[in-house]
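Inspection log for the structure reproduced underneath, given as structure tokens.
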Amino acid sequence: MSDDFNIQNIAKLASINLSEEEQSKLSNDLSVILEHVQALSDLSLDEVGEIFIHPLEKELLLDEDEVRVSLTHDEALQNAPEKNEGKFVVPPSLE
173 MSDDFNIQNI
183 AKLASINLSE
193 EEQSKLSNDL
203 SVILEHVQAL
213 SDLSLDEVGE
223 IFIHPLEKEL
233 LLDEDEVRVS
243 LTHDEALQNA
253 PEKNEGKFVV
263 PPSLE
């Protein structure tokens, strides 16, 4: 798989200078990564049984959505350090 990429071109695109030793090591590392990605791509998920999203293969039980009593708009703004026209005033995130 090492023929699929040019390590000198990758270094140039990343604006980094690599010694010959670093190029060799990075080339080997990238080859291993590409082999793992290829192995994952070759997996057939049709052969896999039930799929769980929990690492311990437990079924996650979710609560039903319920409408609950909440704060009114005025109650939410009651302790705001600064408000304007019914909205919270916060410092700008960009200048």
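Numbers 173 to 267, taken from the working numbering, label the letters of the sequence shown in order. Quick reminder that beta carbons are idealized off the backbone N, C-alpha and C, glycines included.
Along the chain, where does the alpha helix (DSSP H) containing residue i start, and where does it finish?
| i | result |
| --- | --- |
| GLU247 | 245-249 |
| LEU232 | From DSSP, LEU232 is part of no alpha helix (DSSP H); its letter is neither H nor E. |
| GLU192 | 192-214 |
| LEU185 | 179-185 |
Assuming contact is defined by CB atoms lying nearer than 7 Å, are residue i and residue j in contact in what I supplied?
| i | j | result |
| --- | --- | --- |
| ILE303 | LEU206 | Only positions 173 to 267 of the chain appear in this structure, which leaves residue 303 out of reach. |
Take residue i and list the residues in its own chain whose beta-carbon comes closer than 7 Å to its own, dropping the five residues that flank it on each side.
| i | result |
| --- | --- |
| PHE177 | LEU202 |
Note down, in chain order, each residue of its chain lying with its Cβ closer than 8 Å to the Cβ of residue i, except the 5 sequence neighbours on either side.
| i | result |
| --- | --- |
| SER174 | Because the pLDDT at SER174 is just 43, under 50, the model does not fix this residue reliably, and the point stays unresolved. |
| PHE260 | LEU249, ALA252, GLU254 |
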